[in-house]
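A quick write-up on the structure given underneath.
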Amino acid sequence: MDMKSDFGSGAGNPVVARPFEGIRVIDTSHVLAGPFCSYQLALLGADVIRIEPPTNGDIARKMGSDKELNSHELGLAFVSQNANKRSLAVDLKTPEGKEILWKLVDTADVFVENYRPGAMKRLGFDADAVMARKADIIYASMTGYGQEGPLSSRPAYDHVVQAFSGMMTANRTLSGENHRVGFAIVDYVTGLFGAFSVASALFQRTHTGRGQKIDVAMLDAALTIMGPLLTEVAITGGLNRPNGTRAFSGSPVSGIFETAEGMLATTANTRVQAMAMLKAIGLPELAADPRLESWGDYPELGDEIAPLLRQAILRHSAMHWEDLLSSIGVPAARVRDLPEILKDPHLQSREVVLKAPPVAGLERPLNVPGVGFKMAEGGQHIDRAPPRRGEHTAEILRSVGFDDTQIAELAADGVVKMAEKN
Numbered sequence: 041m042d043m044k045s046d047f048g049s050g051a052g053n054p055v056v057a058r059p060f061e062g063i064r065v066i067d068t069s070h071v072l073a074g075p076f077c078s079y080q081l082a083l084l085g086a087d088v089i090r091i092e093p094p095t096n097g098d099i100a101r102k103m104g105s106d107k108e109l110n111s112h113e114l115g116l117a118f119v120s121q122n123a124n125k126r127s128l129a130v131d132l133k134t135p136e137g138k139e140i141l142w143k144l145v146d147t148a149d150v151f152v153e154n155y156r157p158g159a160m161k162r163l164g165f166d167a168d169a170v171m172a173r174k175a176d177i178i179y180a181s182m183t184g185y186g187q188e189g190p191l192s193s194r195p196a197y198d199h200v201v202q203a204f205s206g207m208m209t210a211n212r213t214l215s216g217e218n219h220r221v222g223f224a225i226v227d228y229v230t231g232l233f234g235a236f237s238v239a240s241a242l243f244q245r246t247h248t249g250r251g252q253k254i255d256v257a258m259l260d261a262a263l264t265i266m267g268p269l270l271t272e273v274a275i276t277g278g279l280n281r282p283n284g285t286r287a288f289s290g291s292p293v294s295g296i297f298e299t300a301e302g303m304l305a306t307t308a309n310t311r312v313q314a315m316a317m318l319k320a321i322g323l324p325e326l327a328a329d330p331r332l333e334s335w336g337d338y339p340e341l342g343d344e345i346a347p348l349l350r351q352a353i354l355r356h357s358a359m360h361w362e363d364l365l366s367s368i369g370v371p372a373a374r375v376r377d378l379p380e381i382l383k384d385p386h387l388q389s390r391e392v393v394l395k396a397p398p399v400a401g402l403e404r405p406l407n408v409p410g411v412g413f414k415m416a417e418g419g420q421h422i423d424r425a426p427p428r429r430g431e432h433t434a435e436i437l438r439s440v441g442f443d444d445t446q447i448a449e450l451a452a453d454g455v456v457k458m459a460e461k462n
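Take 41 as the starting number for the sequence shown in my numbering and just add one per residue.
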């Protein structure tokens, strides 16, 4: 199966309006969390305008392992969350640049930023200033620690927030080593909360007619997705959970196991599932153990039966166990890597990955993530490739009243920049 040609552009029916069609988003954010927020809105129909500086700018444009894409300022980190957007390259430190952004604010429904508190105020575009200009705008800010509080001014990246939030200790191995989740999970869940909060505020606006100021913190997002752990500590004052590869449920017959071929993950979270699995792998005597009735009261059970489980599961391949256990209602999967799963027919049917339109100067397609859910009508769709910096500068300026002579003068003065032609 050729991954370069087997992804669709989205299931959205062009006859049915997507949820955010008619909504304009001004996106001044950079790197991951903010752009991922606006990307969700863009896939679902919003007109998202990226505001970028004429030089330098978003480090994500050169972030990734593909040198060719980096040379085009279309690094993998950037490509993964910027399709369907338009790019305006403008110097917001100039009076002319500020006036351009104010003209766009007048046309916008949403303003997104993810700089440290105070940065947008120094530019003159903090929430109070923008909402004073346009009272019904949704102003969403994403930061590491929030707009207020003792730590609000601290810089933050995903890795650091994983450490600060307790996520690394929640991901501790049985040998006691703290580990980060191997991708930028905090950035992306912050972006999701950002998109959800914007959608909520837009719906709220239909009732109130007023805008909303939104404060999304990476720390808050990290703690929120650890809900059961957070609740346990908030109620009991302590945390007593299994570490390593053991299941969150504490099931003694769940985990990740070596097999005759490949690794197997199982999660028998109920007594019925646990008994079925033990019988299926040839350990019916363990299925009769009364401690399975309430294994939470017998934490020693997992260590006691672990060697027996490993020995039994070694007899067959991971694929054998995946098929057998799944057929009897026990969740199980052979451990796969991303290149393998992207070729899987089931994944292809889900439209998790979409194919963006061609980019000038590139001979290869750009396959990018979708929104992560399907809608029967009016769902996600890729209309535009991830933009080059300043690719849409001229058309955006024309849309707010600038003529070609004025645009040329702004470009000559370095206030704006158009994308270089290849």
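The beta carbon of each residue, even a glycine, is placed where N, CA and C say it ideally should be. As the structure is a prediction and not an experimental result, all values here were calculated from the model.
Limits of the unbroken beta strand (DSSP E) element including residue i
i: residue 276; result: Element bounds for residue 276: not the beta strand (DSSP E) but the alpha helix (DSSP H), 267-276.
i: residue 182; result: 178-183
i: residue 151; result: 150-153
i: residue 255; result: 252-257
i: residue 67; result: 64-67
i: residue 119; result: Not the beta strand (DSSP E): residue 119 falls in the alpha helix (DSSP H), residues 116-119.
i: residue 396; result: 393-396
i: residue 110; result: Segment 107-111 is the alpha helix (DSSP H) holding residue 110; no beta strand (DSSP E) there.
Residue i burial status per 10 Å Cβ neighbour count (16 or more: buried)
i: residue 412; result: exposed
i: residue 45; result: Only weak support exists for where residue 45 lies, its pLDDT of 49 falling under 50; the value from the coordinates is given anyway. Burial call: exposed.
i: residue 444; result: exposed
i: residue 82; result: buried
i: residue 106; result: exposed
i: residue 41; result: Note that residue 41 has pLDDT 39, beneath the 50 cutoff, so the model's placement of it is unreliable and no number is given.
i: residue 108; result: exposed
i: residue 427; result: buried
i: residue 299; result: buried
i: residue 161; result: exposed
i: residue 384; result: exposed
i: residue 355; result: exposed
i: residue 460; result: exposed
i: residue 446; result: exposed
i: residue 389; result: exposed
Counterpart residues of residue i in DSSP-defined beta bridges
i: residue 295; result: 306
i: residue 127; result: 90
i: residue 319; result: DSSP output for residue 319 lists no bridge partner at all.
i: residue 372; result: 306
i: residue 102; result: Paired residue(s): none; residue 102 is not in a bridge.
i: residue 456; result: 130
Rounded straight-line distance, which links the Cα of residue j to that of residue i
i: residue 166; j: residue 423; result: 31 Å
i: residue 123; j: residue 258; result: 23 Å
i: residue 438; j: residue 270; result: 50 Å
i: residue 191; j: residue 183; result: 11 Å
i: residue 220; j: residue 210; result: 9 Å
i: residue 244; j: residue 178; result: 10 Å
i: residue 295; j: residue 133; result: 55 Å
i: residue 170; j: residue 146; result: 9 Å
i: residue 203; j: residue 69; result: 24 Å
i: residue 416; j: residue 324; result: 45 Å
i: residue 351; j: residue 216; result: 25 Å
i: residue 367; j: residue 373; result: 12 Å
i: residue 152; j: residue 176; result: 14 Å
i: residue 328; j: residue 307; result: 19 Å
i: residue 242; j: residue 400; result: 35 Å
Residue of the options minimising C-alpha distance to residue i
i: residue 173; options: 251, 460 and 373; result: 251
i: residue 120; options: 186, 228 and 269; result: 228
i: residue 337; options: 290, 67 and 426; result: 290
i: residue 193; options: 203, 223, 155 and 162; result: 155
i: residue 312; options: 457, 88, 371 and 199; result: 371
i: residue 364; options: 234, 456 and 321; result: 321
i: residue 112; options: 454, 404 and 242; result: 404
i: residue 185; options: 330, 157, 96 and 80; result: 157
i: residue 302; options: 340, 435 and 375; result: 375
i: residue 358; options: 267, 401 and 304; result: 304
i: residue 103; options: 401, 84 and 72; result: 72
i: residue 62; options: 278, 150, 232 and 275; result: 150
i: residue 418; options: 153, 50, 49 and 57; result: 57
i: residue 346; options: 368, 318, 361 and 330; result: 318
i: residue 89; options: 50, 333 and 143; result: 143
i: residue 331; options: 292, 367, 369 and 368; result: 292
N- and C-terminal bounds of the alpha helix (DSSP H) containing residue i
i: residue 245; result: 225-248
i: residue 174; result: Run containing residue 174: none; DSSP gives neither H nor E here.
i: residue 324; result: 324-327
i: residue 387; result: 385-390
i: residue 141; result: 135-145
i: residue 163; result: 159-163
i: residue 408; result: Counting along the chain, residue 408 falls outside any alpha helix (DSSP H), though it belongs to the beta strand (DSSP E) covering 406-409.
i: residue 335; result: Unbroken run through residue 335: none, as it is neither H nor E.
i: residue 208; result: 207-210
i: residue 438; result: 433-439
Cβ-heavy atom distance, residue i to the ligand NAP, below 7 Å
i: residue 290; result: With respect to small molecules bound, the structure shown includes none, and the ligand NAP cannot be examined in it.
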